[in-house]
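The opening position of the sequence shown corresponds to residue 65 in my numbering, with each subsequent residue numbered one higher. From the three backbone atoms N, C-alpha and C, an ideal C-beta is built for every residue, glycine too. A short write-up of the structure that comes next.
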Amino acid sequence: MDTLSHPAAIIVEDLSKNYGQRRAVDQLSFRLNYGQTLGLLGPNGAGKSTTIRMLMGLSRPTSGKAEILGYNLLTEVKKIHSQIGVVFEKPNLFENLTGFQNLALFCKMHQQPKSQIRPFLEKMDLWERAHDPIKTYSKGMRQRILILKALIHQPKLLFLDEPCSGLDPVSARIIRDYLLELKKKGITILLTSHDMEEVDELCDLIGFINHGKLITLETPMLLKTKYGRSSLQITYRTDEKIITEELTPTNENMARITTLYHEARIISVHSMEATLSEIFQKLSVSKI
């Protein structure tokens, strides 16, 4: 598919999913351009996993439409599957095979050379354990194998469901660094996560879903500006002690800071922006 004629890797229009009388996803619409990373956030049961399963072609929408890599989600699912990589939250590896054998099997399935396996494993710091059975791997090691498995056929689009959930800091760091490398190579990524630090570091766009609706879709910086607090933290000395205060940047407070500065009482002034965790909590309780 010619990416020049299809600038958006994902185009979603009014996508909905019903389970009986319950609407799990309610008229979602958004675009994700090639090379961008989108993080879908929201409380448990908000509709994130249902959305990602529909976009992967694993669950048929009740209504609406979507294009994935220029292909119609409803009529060209097989073409989509051949060009996407998927990492589920629950592992689907062959436990009695080694890490190398697992990847070799998927190389054979996708008609890819096994020569790429060693560089892949070295990149994920797994080559020394390449010939050990998967059942001896830690959770973090298994997750790294799952990500490599999803990349064997060199997909244009990668779906990740909670890629670093419950992992030790070392494994999480290795995975995030590798995902940042993939971003630089132009791989488009859509992920779900509850890890705000991970989302802030990896994502170009963040979408908050609640009660099946897309509440907002913004860059991390715009989200912090739009929904967060804006304040300054100042530390200054009085005759008796050192005081730290958080102030809103009003004209009155700025004049006060200027006065303290001229009196040589200011020790430090820091800008305080909202964290994604604070915004997540605010949007998760918002009413539609």
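Alpha carbon to alpha carbon, how far is residue i from residue j?
i: residue 259; j: residue 326; result: 43 Å
i: residue 311; j: residue 221; result: 44 Å
i: residue 89; j: residue 79; result: 7 Å
i: residue 76; j: residue 329; result: 55 Å
i: residue 195; j: residue 161; result: 9 Å
i: residue 141; j: residue 130; result: 11 Å
i: residue 229; j: residue 203; result: 10 Å
i: residue 163; j: residue 213; result: 10 Å
i: residue 252; j: residue 74; result: 9 Å
i: residue 152; j: residue 186; result: 22 Å
i: residue 241; j: residue 105; result: 21 Å
i: residue 333; j: residue 299; result: 7 Å
i: residue 285; j: residue 270; result: 10 Å
i: residue 71; j: residue 136; result: 15 Å
i: residue 283; j: residue 303; result: 44 Å
i: residue 265; j: residue 171; result: 31 Å
i: residue 81; j: residue 275; result: 12 Å
i: residue 67; j: residue 257; result: With a pLDDT of 44 at residue 67, under the threshold of 50, the modelled position of this residue cannot be trusted, and the question is left open.
i: residue 176; j: residue 132; result: 23 Å
i: residue 235; j: residue 322; result: 47 Å
i: residue 281; j: residue 289; result: 13 Å
i: residue 145; j: residue 261; result: 30 Å
i: residue 157; j: residue 193; result: 15 Å
i: residue 317; j: residue 183; result: 56 Å
i: residue 159; j: residue 197; result: 7 Å
i: residue 218; j: residue 287; result: 32 Å
Determine the extent of the beta strand (DSSP E) in which residue i is found, giving its start and end residues.
i: residue 95; result: 86-97
i: residue 198; result: Looking at the DSSP string, residue 198 is not in any beta strand (DSSP E), and its letter there is neither H nor E.
i: residue 283; result: Counting along the chain, residue 283 falls outside any beta strand (DSSP E), and DSSP gives it neither H nor E.
i: residue 74; result: 72-83
i: residue 184; result: Not the beta strand (DSSP E): residue 184 falls in the alpha helix (DSSP H), residues 181-187.
i: residue 321; result: Careful: residue 321 lies outside any beta strand (DSSP E), inside the alpha helix (DSSP H) at 315-326.
i: residue 271; result: 269-274
i: residue 252; result: 252-256
i: residue 157; result: From DSSP, residue 157 is part of no beta strand (DSSP E); its letter is neither H nor E.
i: residue 391; result: In the structure as shown, the chain begins at 65 and stops at 352. Residue 391 is therefore absent and cannot be evaluated.
i: residue 230; result: No beta strand (DSSP E) holds residue 230; DSSP gives it neither H nor E.
Taking its Cβ as the centre, do 16 or more other Cβ atoms sit within 10 Å of residue i, making it buried, or is it exposed?
i: residue 225; result: buried
i: residue 173; result: exposed
i: residue 134; result: buried
i: residue 237; result: exposed
i: residue 109; result: exposed
i: residue 166; result: buried
i: residue 351; result: Since pLDDT at residue 351 reaches only 48, below the 50 mark, its modelled position is unreliable, and the value read off the structure follows with that caveat. By the neighbour-count rule (16 or more Cβ atoms within 10 Å), residue 351 is not buried but exposed.
i: residue 83; result: exposed
i: residue 216; result: buried
i: residue 354; result: Shown here, the chain extends from 65 to 352; a query on residue 354 therefore has no answer.
i: residue 28; result: Look at the range of the chain in this structure, 65 to 352, and you will see that residue 28 is not part of it.
i: residue 231; result: buried
Write down the C-beta distance between residue i and residue j rounded to the nearest angstrom, noting that I regard them as a contact closer than 8 Å.
i: residue 119; j: residue 254; result: 7 Å
i: residue 273; j: residue 112; result: 6 Å
i: residue 250; j: residue 103; result: Rounded, the Cβ-Cβ distance is 18 Å, inconsistent with contact.
i: residue 168; j: residue 178; result: 5 Å
i: residue 101; j: residue 267; result: 5 Å
i: residue 85; j: residue 128; result: Rounded, the Cβ-Cβ distance is 18 Å, inconsistent with contact.
i: residue 223; j: residue 148; result: 6 Å
i: residue 181; j: residue 208; result: The pair is not a contact, with the Cβ atoms about 13 Å apart (cut-off 8 Å).
i: residue 279; j: residue 301; result: The pair is not a contact, with the Cβ atoms about 44 Å apart (cut-off 8 Å).
Can you tell me where the alpha helix (DSSP H) with residue i in it begins and where it stops?
i: residue 241; result: 233-248
i: residue 225; result: Premise fails: residue 225 lies in the beta strand (DSSP E), 221-225, not in any alpha helix (DSSP H).
i: residue 163; result: 163-173
i: residue 265; result: 260-266
**Report entry** Length at least 3, wholly inside the segment 101-140: the beta strand (DSSP E) runs in chain order
**Finding:** 101-105, 127-132
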